[in-house]
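With my numbering applied, the sequence shown corresponds to residues 519 to 963, in that order. Beta carbons are placed, not taken as given, at the ideal position from N, Cα and C, and that holds for glycine. Small disclaimer: the values here were computed from a predicted structure and weren't measured. What follows is a single structure, written as structure tokens, with notes after it.
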Amino acid sequence: MNARLTPAPANGDLDAFWMPYTANRQFKANPRLLARAEGMHYWTADGREILDGVAGLWCVSAGHGRREITEAVTKQLGTMEFAPAFQMGHPIAFELANRLAKVAPPGLDRIFFTNSGSESVDTALKIAIAYHRARGAGQRVRLIGREKGYHGVGFGGMSVGGMVNNRKVFGASMLPGVDHLPHTLDIEHNGFSRGLPQWGAHLANELERLVALHDASTIAAVIVEPIAGSAGVVLPPIGYLKRLREICDKHDILLIFDEVITGFGRVGKPFASQAFDVTPDLMTTAKGLTNGAVPMGAVFAHRRIYDAFMQGPENVIELFHGYTYSAHPVACAAALATLEVYTKEGLLTRAASLAPEWENAVHSLRGLPHVLDVRNYGLIGAAELEPRAGKPGARGFEVFLKCFERGVMVRQTGDTIAMSPPLIIESKQIARIVETLGSVLRETA
Ligand SMILES: Cc1ncc(COP(=O)(O)O)c(C=O)c1O
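Printed below as a string of structure tokens:
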């Protein structure tokens, strides 16, 4: 057990922290402070137990307070707290890359370390553009994202992303030369699908339209989340990702899967790429990589891409890109210990065995007040609620708040309630999350 709860700051002490992705004034008027965590639970600063239905923020896949990770981090801090990765190396960075290469989709065994999902995305976009240039196709600089996509908050990720609130303020500052595929959410055709929806593979053909518009010779890469999380869980129709892969291959366009939330077991295989049997050229990850214990991200590149850079004089840096904290030793230690836990406890595939029970549980919300759609895959679930007239997001926020008051943490985006619990979840906890959400829906206007 962690020793004690951290007391809440005295009133007024909340001002200095400009909170990310938070309604600051609303929060500070009625704060929700988490002070301790263990296993499937958080405890608030005033001692209330909260069942974690979202693995923190889709990252604490092995559950909270894992002793193995704490010990590995502590040991690394005592051995070497930092080492530069520019023109220097340290052994556990190589060990971690080798470990990751072993669980990676076929061929994606060259690993570039970052500190977050956003950095992974911007890194992958830069690698894609630089790759084409290294092959003599420097005019391929255009990037294709997708509506409703979320790829973090860097200028690259924001530009290929497709969520209006993340984009509208920064319109003129976006990367030029970016276009977007249509999203794949269609409740009319696919409402209440169990698992992947049947309808919509043809939406991938829109890529051919963009190729016809811009010409393939200008396009570097297409980036999509295999399952979009932040937009409220949007699933790929059956056959959609395969079709995207075929079109990319036909036109020599790189395919990037953003697996920041789907990576490391969330969908019942180590990566969604393996679950859907479609291998991208680049894959971005973060979150589950260290069980959320230390910030870290990783871009998995196909060996062919890495090899394309390995030319010219050997004393010249092949890719002018990197972060001071790329392959930070403490993060590497956390990631190695995390992978060990995942492997020992079968967590990279456990979601597959829980998926039928999870699916039944979340689909039991069908028919409850306000529920327009229920979506699920692996250990991901979402209930889309009807928005209140003229007040988008208000009902979703109220539901999120009431669930929290009743001891269950879910995630709200607009009027969609998303659930992505730690992969160690047990049946009674699945039931508790869904029953709590169900009872809140019944009582919400
Ligand atoms: C698919 C995807 N990409 C990128 C990111 C950004 O990651 P980070 O917040 O670590 O920068 C997220 C975060 O939720 C994400 O879901």
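- Assigned with DSSP and collapsed to three states, Gln930 falls in strand.
- Here the alpha carbons of Val917 and Gly565 stand approximately 22 angstroms from one another.
- Taking a contact to require three or more Cβ pairs closer than 8 angstroms, the segment 817-834 and the segment 639-655 qualify as touching.
- Residue pairing by DSSP places Asp776 opposite Thr802 in a beta bridge.
- In summary, Gly656 is exposed, with fewer than 16 beta-carbon neighbours lying within 10 Å of its beta-carbon over all protein chains present.
- Listed in chain order, the alpha helix (DSSP H) runs fully inside the segment 660-747 are 673-678, 682-685, 705-708 and 724-732, counting runs of at least 4 residues.
- Here the alpha carbon of Thr802 sits roughly 6 angstroms from the alpha carbon of Val778.
- Take Phe604, set aside five residues on each side of it, and the residues of its chain with a beta-carbon closer than 7 angstroms to its own are Gly840, in chain order.
- The Cβ atoms of Val751 and Asp776 lie no closer than 8 angstroms to each other.
- Taken through DSSP and simplified to helix, strand or coil, Thr954 comes out as helix.
- Each residue's CA atom was taken as its position, placing Ser748 and Trp536 some 21 angstroms apart.
- The C-alpha of Arg893 is placed about 27 angstroms away from the C-alpha of Ser677.
- A residue is called buried once 16 or more other Cβ atoms fall within 10 Å of its Cβ, and Met606, having fewer, is exposed.
- Shown here, Glu589 sits in a helix according to DSSP, grouped into three states.
- Comparing alpha carbon positions, the residue from Leu532, Gly557 and Glu556 closest to Arg550 is Leu532.
- In the three-state DSSP reduction, Phe918 falls in the helix class (H, G or I).
- When the alpha-carbon of Asn548 is set against those of His559, Arg554, Ala563 and Met558, the nearest one is in Ala563.
- Three or more Cβ pairs closer than 8 angstroms define a contact, and the segment 922-929 falls short of that threshold against the segment 850-860.
- Across the structure, Leu857 and Thr962 are spaced so that their CA atoms are roughly 41 angstroms apart.
- C-alpha of His698 to C-alpha of Thr597: approximately 47 angstroms in a straight line.
- The segment 787-794 makes no contact with the segment 900-909; the number of CB pairs closer than 8 angstroms stays below 3.
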